[in-house]
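For the sequence shown, our numbering begins at 6 and goes up steadily by one.
Data block below; observations after.
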Amino acid sequence: MSSNQDLNAIFDRIANGEETEEDRQTLRDLELRAREGQNSIQIGKYNVNISEGRDIQIGDRIYQGADAEAIAEAIKEAFLNSNQLPHFKGSNSSTQEDLNPQKSPEIKALHNKVKNYWISFLQSSLEYKRDLPNLDIKLEELPNAIKQKPGFDRASYTPQQISSENITELFIEMGEGGRSLLILGEPGSGKTTILLKLLEKLIDNFEFGKDPGKPVPVVFNLSSWTKGQENFTNWLVKELRRIYSVSPRIANQLIKKQQLLLLLDGLDEVKVEGRKDCVQKLNKFIEEHGVTDIVVCSRLREYEEVLGSDCRLLQKDKESSCSEDPKLNLQKAFYLQPITTNQISLYFQLVNQPVEPLQRLLRKFPQLRNPLVIFLIIKAEIDVQSIPERNSFKELFKYLIEEYVELMLIRREESIKITYEKYSGKNQKTKYWLHWLAMKLKEVPSKETRFQGDIFQIEGMQPYWLPSEKDKFVYRIATGLIVGSILGLIAGFYFIYYLELMRQDKSITIAITNTLKLKLITIGLLPGLISVLITARLPISSKRLIRGGVPGITFALFIFLVFNLLEPQLLRIYMPPIYLCGIFGGGCFSLIRAEIQPVETWQPEWQQIVKFSLIFGAFGILYMLARRFIITPEFYKDKPFYVIYDVMALVIVGAVYGGFKIKKDSVDPKQGEPNQGIKRSATYTVISFTICTIIAILCGYIFDPAKNLVLIFLGLSVGLLGGLGANQGSGIVCIQHFILRVILCRQGCIPWNYARFLNYASERVFLGKSGGAYLFIHPKLMDYFAKMEQNSATVLRR
Numbered sequence: 006m007s008s009n010q011d012l013n014a015i016f017d018r019i020a021n022g023e024e025t026e027e028d029r030q031t032l033r034d035l036e037l038r039a040r041e042g043q044n045s046i047q048i049g050k051y052n053v054n055i056s057e058g059r060d061i062q063i064g065d066r067i068y069q070g071a072d073a074e075a076i077a078e079a080i081k082e083a084f085l086n087s088n089q090l091p092h093f094k095g096s097n098s099s100t101q102e103d104l105n106p107q108k109s110p111e112i113k114a115l116h117n118k119v120k121n122y123w124i125s126f127l128q129s130s131l132e133y134k135r136d137l138p139n140l141d142i143k144l145e146e147l148p149n150a151i152k153q154k155p156g157f158d159r160a161s162y163t164p165q166q167i168s169s170e171n172i173t174e175l176f177i178e179m180g181e182g183g184r185s186l187l188i189l190g191e192p193g194s195g196k197t198t199i200l201l202k203l204l205e206k207l208i209d210n211f212e213f214g215k216d217p218g219k220p221v222p223v224v225f226n227l228s229s230w231t232k233g234q235e236n237f238t239n240w241l242v243k244e245l246r247r248i249y250s251v252s253p254r255i256a257n258q259l260i261k262k263q264q265l266l267l268l269l270d271g272l273d274e275v276k277v278e279g280r281k282d283c284v285q286k287l288n289k290f291i292e293e294h295g296v297t298d299i300v301v302c303s304r305l306r307e308y309e310e311v312l313g314s315d316c317r318l319l320q321k322d323k324e325s326s327c328s329e330d331p332k333l334n335l336q337k338a339f340y341l342q343p344i345t346t347n348q349i350s351l352y353f354q355l356v357n358q359p360v361e362p363l364q365r366l367l368r369k370f371p372q373l374r375n376p377l378v379i380f381l382i383i384k385a386e387i388d389v390q391s392i393p394e395r396n397s398f399k400e401l402f403k404y405l406i407e408e409y410v411e412l413m414l415i416r417r418e419e420s421i422k423i424t425y426e427k428y429s430g431k432n433q434k435t436k437y438w439l440h441w442l443a444m445k446l447k448e449v450p451s452k453e454t455r456f457q458g459d460i461f462q463i464e465g466m467q468p469y470w471l472p473s474e475k476d477k478f479v480y481r482i483a484t485g486l487i488v489g490s491i492l493g494l495i496a497g498f499y500f501i502y503y504l505e506l507m508r509q510d511k512s513i514t515i516a517i518t519n520t521l522k523l524k525l526i527t528i529g530l531l532p533g534l535i536s537v538l539i540t541a542r543l544p545i546s547s548k549r550l551i552r553g554g555v556p557g558i559t560f561a562l563f564i565f566l567v568f569n570l571l572e573p574q575l576l577r578i579y580m581p582p583i584y585l586c587g588i589f590g591g592g593c594f595s596l597i598r599a600e601i602q603p604v605e606t607w608q609p610e611w612q613q614i615v616k617f618s619l620i621f622g623a624f625g626i627l628y629m630l631a632r633r634f635i636i637t638p639e640f641y642k643d644k645p646f647y648v649i650y651d652v653m654a655l656v657i658v659g660a661v662y663g664g665f666k667i668k669k670d671s672v673d674p675k676q677g678e679p680n681q682g683i684k685r686s687a688t689y690t691v692i693s694f695t696i697c698t699i700i701a702i703l704c705g706y707i708f709d710p711a712k713n714l715v716l717i718f719l720g721l722s723v724g725l726l727g728g729l730g731a732n733q734g735s736g737i738v739c740i741q742h743f744i745l746r747v748i749l750c751r752q753g754c755i756p757w758n759y760a761r762f763l764n765y766a767s768e769r770v771f772l773g774k775s776g777g778a779y780l781f782i783h784p785k786l787m788d789y790f791a792k793m794e795q796n797s798a799t800v801l802r803r
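Take a look at the structure:
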C-alpha cells in the first residue's frame, strides 16, 4: 500500500460497492493489528472501530449505515482470510458457515421482503384484469437460443411445447441445483407475469421448517446493469443491498454458498452497449456457480441483437447468423407464442365484442395476437369497427394506446366518483403529469435510487428530478433559508435564556426589555439567513466536514458581526453561546444531503446513547468552564445548579441526536399508505422535539430552586435543535421533501396532492398500486407517456 490516500480510495470503493478482488487482496496483505476481545483495528495510522451499530471514521472520512457495515465486513473478511483475526467482542465465529433458513433471521427477512415486494405487485397487476377472461399462452422450446452441450443433435431433437400454466412444474421437475431457464417473447406477451407467477409458486415451496435446503428465490431487474462492471457477483451484492437492504457480508455468503434462486428480468432493458457484456459476465457467473438456479427473461429481438445483427432465432434460414459464443449458457429456452386467432375470437365473444372486424385486422397485422393489445381493446372498450386504416403495426399500436388513454380518462364509474369529479376536465394535465413521471422513471440512474425496476414511491423523489439548474439552485436556497431560520430561532431563544441568567450576576447590570429580547432573536435570525446566501453555492455533494464546517463558521462569524453592530456591550459575555452556535449550526447544515433519505426505523441503542452523551457532554463541560472561570465567574458562586445544567442540556441533545439506530434504506412497497417514509420522518421529528423540550424544562424545574421561567426558552432551544437534527436529520429530510414538492408543483410537474392523483391514475388503470408504491401497468404504456412529443407535452403542461 503506497499511502493512506490509496487506503481511503479502497474504502470509498467498498462503500460504493465497487471494490475489486485486488482491493480485498490488498487488505489481506496488510499488517493489521487487533486486540483480543476488542472491536478496534489498527490499519496504518488509522484506528478503526468495526463494532456493529457504529459509524466508522477513517482519516477525515466518516462512513455511516450500510457504508460502514460494508467496510467493517470487508475488514473482518480480510482478517479471516489472512488468519490474523482474534475473537472480536460480540462477533460470531461462524461467519463462514452456511446460513440456515430455519435459523437465519437474515434469510427470513430477505424471503419476507421478496414476498411482500413482488407478490403484492403481481396481485396488483392481475387486479385490473380480474374481469377479463384468462388466456392460456403456449411456450415453445427454442434450443438454438442457448449454448448447446457437446453431442446435442438438433435434427433429431423434438422441442417441447407447454402451457404457460405449467412452466412452474417444468422448472421444478428439472431437479434441484443448477436449474436454468431462458424465457423469450415479444413486447406485451406476458414474460414478467409468468416470471412472477413462477416466483409465487417458488415462494410457496420455500417455507421455513418444511425444506431448509431450498434456495431463496429473489427477483432482480437487469436494467441497472452498466457496461464495465467487474463481475456479476459484485452487481448482485450491490442490488441485494440497494433493493433488499441485505448487508454485503450476508449477500456474499448467500452467493458463495449458492443459496439464492435468481429470477432475472429485463435483459432487454440493459443499454445496448452493455447488453453483450452483461450476457458474458452472467455466463462467467454460471460457470463459477454451477448449482445456482437461474431464470432469465428478455424480449426476443433484443436478445437476437446480442447474437448478431442478422440473427433470427425463429427463422431457420437465418439461424446460422446467430453467433454461438454470446449465447446464454442455460439448460432450456422457451419462446412465448402469440395467442391464436381462435383464442382471441372466443375472448371477444365472452365480452360481447364483434369478432369479424378484429379478424380482418389480424389477417393484416398478425402482431395483434398479443395479450397486451387484446387487453387494451377490451379494457377500454375500443370500437374495433371504427379503427382507421393504418399502414404498419407500429402506427396501429400507437393508435390503440392513444385511444386507450383517452377512453380510460373519460370513463366514469360510480366506485370512483369522488376522484373522478376532482380531476374531471383536467385530462390534459393528467397526461402531462404521467408524461413527467414516466420520463423521470426512465431517466433516473438505477444506482442512485431505491426503486426496483419502474416501481415508484413518493418519498423516493430526489432533487435531481427538478427540471432546471435554476430550480435546483432555488431548492438549495429555500432549504437553507428554512434550516437557517430555525437555527436562528434556536440561537435567539438561547440568547434570551442566557441574558436572563446573566442578569442575576451582580457584576452585570443590564436592563432587559422586550426590545432587547427582539434584538436578540434578530441577532440569531439574521446570521442564519445571511450565512445561507453565502453557502448556497456550496455543492451538497461535498464532504460532510465541508458541508458543515463552512456554514457553521459562517453562522458563528455573522452572529459575532451582528452582535458587534447591534449590542456591542454584550459581545464579551456572549462568546460561549456564539461558539455553541457555530458547532450546532454546522452540524445541522452538514445533514443537508444530496439525496433525501427518509427515516424508516427508529430504535434506541444504549451503546450509542452513552457514546453521544459523552461527546456532547464534553462540549458542555468546555462551555461551562469557559463561563465559570473566564466570562462570568461571579455568576456560579451561589447557583451550583447552573454549573451542571448546561452540561445536562447538551447530554440530552447528544443522546437524542445519536442514540438511536436509524435505517434509511428499508422502504417496504407494501407499506400502509403513500409517502409513509416522510410521514414517519415527521413523526420521529415531533417525538424528538417533544422529548428534548420536556426533559430540558423538567430538569430545570426539578433542580432549580428558583423555578425560573427562563428555562422555557432553553427548553424550546433544545427541543428545536433535537427536532431538526436528531435521527440523522429527520427534520431536515422533511424540509427538503417539502421544498422539493413545492417547486415541482409550481413548475407544473406534479399536482399538490400527489398521492390522490396517483390513486386516480391507478383507478384509471394507467398505474398499478400496492400500498404506497406505484408502477405503470406495462412498460409499453410507460414508454408511450415518456416519449410524448415535446410540443404536445409543453401544451399539456399549461
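Note that CB positions come from ideal geometry on N, CA and C, so glycine has one too.
Just to confirm my understanding: we take residue i, look at its own chain, exclude 5 residues before and 5 after, and list those with CB closer than 6 Å. What are they?
i       : result
Phe-237 : Lys-286, Leu-287, Phe-290
Gly-313 : Ser-326, Cys-327, Ser-328
Lys-447 : Ala-791
Gly-183 : Gly-295, Val-296
Gly-782 : Sequence inspection shows Ile at residue 782; the Gly mentioned does not correspond to that position. Same-chain partners within the cutoff: Gly-773.
Val-223 : Val-119, Leu-265
Trp-441 : Cys-754
Ile-526 : Gly-497
If we ignore side chains and look at the alpha-carbon of each, how far apart do residue i and residue j end up?
i       : j       : result
Pro-573 : Val-615 : 39 Å
Ile-699 : Asp-788 : 53 Å
His-742 : Asp-270 : 32 Å
Lys-152 : Tyr-340 : 16 Å
Arg-254 : Lys-113 : 16 Å
Ile-383 : Leu-726 : 58 Å
Leu-266 : Ser-686 : 35 Å
Glu-174 : Lys-206 : 9 Å
Asn-88  : Thr-31  : Interpretation of Asn-88 is limited by its pLDDT of 46, a score under 50 that renders its predicted location unreliable; no figure is taken from the coordinates.
Leu-187 : Thr-297 : 14 Å
Leu-333 : Thr-163 : 21 Å
Gly-195 : Leu-530 : 59 Å
Pro-220 : Gln-336 : 18 Å
Who pairs with residue i in a beta bridge, going by DSSP?
i       : result
Asn-375 : None; Asn-375 has no bridge partner.
Phe-461 : Tyr-779
Asp-270 : Asn-226
Leu-5   : This structure leaves residue 5 out entirely; the chain is present only between 6 and 803.
Ile-151 : Leu-333
Leu-366 : Per DSSP, none; premise fails for Leu-366.
Leu-355 : The partner list for Leu-355 (beta bridge, DSSP) is empty, contrary to what the question assumes.
For the candidate residues the options, whose alpha-carbon lies nearest to that of residue i?
i       : options                            : result
Asn-171 : Lys-202, Glu-448, Arg-184          : Lys-202
Pro-393 : Val-242, Leu-630, Leu-366, Tyr-499 : Leu-366
Ala-660 : Phe-634, Tyr-628, Gly-622          : Gly-622
Val-691 : Leu-189, Ala-654, Cys-739          : Cys-739
Arg-374 : Pro-343, Ile-635, Leu-333          : Pro-343
Ser-1   : Leu-140, Gln-364, Leu-259, Val-300 : Residue 1 cannot be examined here, being either before or after the span of the chain that is shown, 6 to 803.
Pro-142 : Gln-348, Trp-230, Ile-208, Arg-247 : As written in the sequence, residue 142 is Ile, which differs from the Pro given in the question. Selected option, being the one with the closest Cα: Gln-348.
Ala-599 : Leu-745, Gly-591, Leu-266, Ala-760 : Leu-745
Gly-736 : Gly-753, Ser-397, Thr-484          : Thr-484
Lys-369 : Asp-209, Asn-396, Tyr-352          : Asn-396
Pro-532 : Ala-561, Asn-519, Glu-505          : Ala-561
Arg-761 : Tyr-689, Pro-679, Leu-272          : Pro-679
Looking only at its own chain, which residues have a Cβ that is under 8 Å from the Cβ of residue i, when we skip the five neighbours before and after it?
i       : result
Lys-774 : Ser-129, Leu-763, Asn-764, Ser-767
Looking at the ligand ADP, does it come within less than 8 Å of residue i, judged from the CB to the closest heavy atom?
i       : result
Ser-325 : Judged by which ligands are present, the structure shown has none, so any question about the ligand ADP falls away.
For residue i, which residues in the same chain have their Cβ closer than 7 Å to its Cβ, ignoring the five residues on either side in sequence?
i       : result
Trp-230 : Trp-240, Val-275, Gly-279, Cys-283
Phe-589 : Leu-726
Ser-536 : Gly-489, Pro-556, Thr-559, Phe-560, Phe-563
Phe-398 : Phe-370, Gln-372
In the stretch 280 to 348, which residue ranges form an unbroken beta strand (DSSP E) of at least 3 residues, counting only runs that do not cross its ends? 298 to 304, 337 to 341
If you scan the stretch 749 to 783 from start to end, which runs of the beta strand (DSSP E) of 3 or more residues do you find wholly inside it? 772 to 775, 778 to 781
Output the residue ranges of the beta strand (DSSP E) runs that lie fully inside the stretch 164 to 222 and measure 3 residues or longer, sorted by chain position. 166 to 168, 185 to 190
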